[in-house]
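Written out below as structure tokens is the structure these notes cover.
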Amino acid sequence: METAVPVLGASSTPAEARAAFRSGVIRPTAGLSQGHAQANLITLPRTDAADFREFARLNPKPCPLLDVLEGTVTPAIASGADLRVDLPLYRVWRDGELVDEVSDATKAWGDPGELVSFLIGCSFTFEWALLDEGIPVRHITADRNVPMYRTNVPCASAGAFSSPLVVSMRGIPADLVDEAVRVSGRYPLVHGAPVHVGSPEDLGIDDLDRPDYGDAPILEPGDVPVFWACGVTPQAAVVASRPRFAITHAPGHMFISDVPNDRYLA
């Protein structure tokens, strides 16, 4: 007898979502588990951890740290969770090259005692606040992944790590842009206010319809492209800096924590 595939949505609890991913469900996490913070993941060898921690300190907009795990796979922000299996999709990197995408990272992870994991704030967290204020989040409505772009803006380097800034983009009606800036700015630990409004070419983005990660954007007439710092920036740092090994989430496929969004209000 076939096992029913869990139906996930805004009302799914974080534990239900994580259990579904552990069972093999793969989907972007935008619009899931309303009211609970989501996080980006990067896991590195201990030898690279100090440099990355400093990289995150110097670049708090794209890399706001929510939790750091040394030698364990159970984060403080989610009771009983296992970072190796509780995200919908992972990327495995060796020497800066993407070598695999898996829904279960246990084999690639190896000995947790040799690794340090960083959970980084995610803009999916403040999307609920945007919706509560009547600001559309079009990729949620369309059940798609958010578009993300590498920019020409350099992050501050630290030790072995350097990277261009990666941004996520949402099309916001022109008359609601100021409100979107205000609302998201109240959540500094999940990227906070936008880093740029309008003019994608100023960020070195030539074609909005061809994001480097995620799905093509949905822009309605009168929308303005608004760009937020993005927690995929560490993956750009992996490509640029070529650590010998890393595991990350697949862009848009986040870790869903037990922490209420409101805990990250300024």
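Its first residue numbered 24, the sequence shown is counted upward by one per residue in the numbering used here. All C-beta atoms in this analysis are idealised placements derived from N, C-alpha and C, irrespective of residue type, glycine included.
Query	Result
Helix, strand or coil: how does DSSP classify Asp-232 here?	coil
If I follow the unbroken alpha helix (DSSP H) through Gly-208, where does it start and stop?	200–208
State the start and end residues of the unbroken beta strand (DSSP E) segment that holds Thr-4.	The displayed coordinates of the chain run from 24 to 289. Any statement about residue 4 would go beyond what the structure contains.
So the beta strand (DSSP E) Asp-281 belongs to, where does it begin and stop?	278–283
When we look at the beta-carbon of Asn-175 and count the other beta-carbons within 10 Å, is it buried (16 or more) or exposed?	exposed
Taking C-beta to C-beta, are Ser-207 and Leu-288 nearer than 8 Å?	no
Near Arg-209, what residues of its chain come up, given a Cβ to Cβ distance below 6 Å and the 5 sequence neighbours on each side ignored?	Leu-288, Ala-289
Around the C-beta of Ser-35, are 16 or more other C-beta atoms found within 10 angstroms, so that it is buried, or is it exposed?	buried
Please say whether Ala-33 and Gln-57 have beta carbons closer to each other than 8 Å?	yes
According to DSSP, simplified to helix, strand and coil, what is Thr-26?	For Thr-26, the predicted model reports a pLDDT of 48, less than 50, meaning its position is unreliable; a value from the coordinates is still stated below. DSSP places Thr-26 in coil when its eight states are reduced to three.
Which residue's Cα is closest to the Cα of Ala-216: Ala-38, Asp-118, Val-249?	Val-249
Where Pro-234 and Val-255 are concerned, what is the direct C-alpha to C-alpha distance, given to the nearest angstrom?	13 Å
Which two residues bound the contiguous alpha helix (DSSP H) that contains Arg-267?	Unbroken run through Arg-267: none, as it is neither H nor E.
Is the separation between the beta-carbon of Phe-75 and that of Leu-81 shorter than 8 Å?	no
What three-state label does DSSP hand Thr-70 in the structure shown?	helix
Measuring only the C-alpha atoms, how far is Val-139 from Gly-245?	44 Å
Looking only at its chain, what residues have a beta carbon closer than 7 Å to the beta carbon of Phe-184, apart from the 5 residues adjacent to it on each side?	Asp-74, Phe-75, Phe-78, Ala-260, Ser-264
Could you tell me if the beta carbon of Arg-117 falls within a distance shorter than 7 Å of some heavy atom in the ligand GTP?	Ligands in the displayed structure: none, and consequently the ligand GTP is not present.
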